[in-house]
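Okay, so here's the structure we're looking at.
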Amino acid sequence: MKPVIRLLNKPFDLLESLRMRMLFAIGMGIFCTFFLYLFSPFNIISWIGYLSPFRSFALVGLLAIGCLAILFSQLLQAFLWRKQPMIMLHLLLGYLLDALFLIVSLGILYRSPDNPWITNLFQTARMVIPILFLYYLVGLNLLALLKLRREQKASLQKAESFKEEPVLPERINITDENGQLRLSLKPDDLLYIESADNYVLVYFRKEQRIVRELIRNSLKNMEEMLAPLGSLRCHRSYLVNREAIHCLRKSGRTYEIEISGMERTVPVSRGYVELVKEALEI
């Protein structure tokens, strides 16, 4: 008895979301359509053709009614168990509820006037229960495969994102043209660099203030030096720390970069617009 109780209390999350339930119900309709047309179990087409007033559309009508019954049943299950994690017991109860809705709806609509009501329900149950059980086996396995594929895809994307994201150094060492250390900054403190003839102006944060340092070097050398930081060239005279960018703003026919914590904007020349948009994934 205890193994059965443990099994019924085992977590089951394949039908935890309403989206998965709707997918399961639609899949059931498709499965039953092909299964009944291909195999005609229990001589079902002759049976419903005799009982239905719309003989030429008998099977179509049965499938439509069955799909509506299952959709209603799945919506009801989603409502009943919305506030608790799903377990195997919910799956068993869900199967019984699906079967009950199908048996009652089809048993009433496709009843034989020559048989008692209970006999009609029994004959309907004889067809519904095994077909529904077969779909549960097929459908749940397909949902499990779908979930596995999604998890594998998510894991792969996560691994690729970790691989693509540059590992920022703890500090950035900025040197002059002779290789002498002039500044050592945290990556988050660097804002942007502006070319000034044979010098560059380095703008950075220091103790909640924005300051600048004049260093003799070229912007090209700065770009190579700051490559591990993911610096972004937006103009022949400007190099921006990508992490410091607040937004890209269009002003008339030109673009400007807003830097976090600064009123001054950095211009983007026409030749660098597409490169900046691509880097910012715009």
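Residue numbers (this note's numbering): 353 to 634.
Note that the Cβ used here is the ideal one computed from N, Cα and C, for glycine as well.
Asked: Closest by C-alpha distance to L484, when choosing among H598, D549, M380, L535; Found: M380
Asked: Under the three-state DSSP convention, the category N525 falls into; Found: strand
Asked: Straight-line Cα distance separating K629 from T550; Found: As written in the sequence, residue 550 is Asn, which differs from the Thr given in the question. Approximately 29 Å between the Cα atoms of the pair.
Asked: Rounded separation between I636 and R585 - CA only; Found: There is simply no residue 636 to check, as the chain begins at 353 and stops at 634 in what is shown.
Asked: Residue interval of the beta strand (DSSP E) (run including L553); Found: 551-558
Asked: Whole-angstrom C-beta distance between I609 and V620, which should lie under 8 Å; Found: 6 Å
Asked: For R561, the nearest candidate out of E576, E615, M574 (CA to CA); Found: E615
Asked: M353 to K362 span [Cα, whole Å]; Found: 14 Å
Asked: Extent of the continuous alpha helix (DSSP H) to which R564 belongs; Found: Segment 561-568 is the beta strand (DSSP E) holding R564; no alpha helix (DSSP H) there.
Asked: Three-state class that DSSP yields for S408 in the structure shown; Found: Because the pLDDT at S408 is just 45, under 50, the model does not fix this residue reliably, and the value given afterwards should be weighed accordingly. Three-state result, S408: helix.
Asked: C-alpha distance - G418 paired with L359, whole-angstrom precision; Found: 30 Å
Asked: Sheet register partners of V592 (DSSP bridge); Found: Y544, L584
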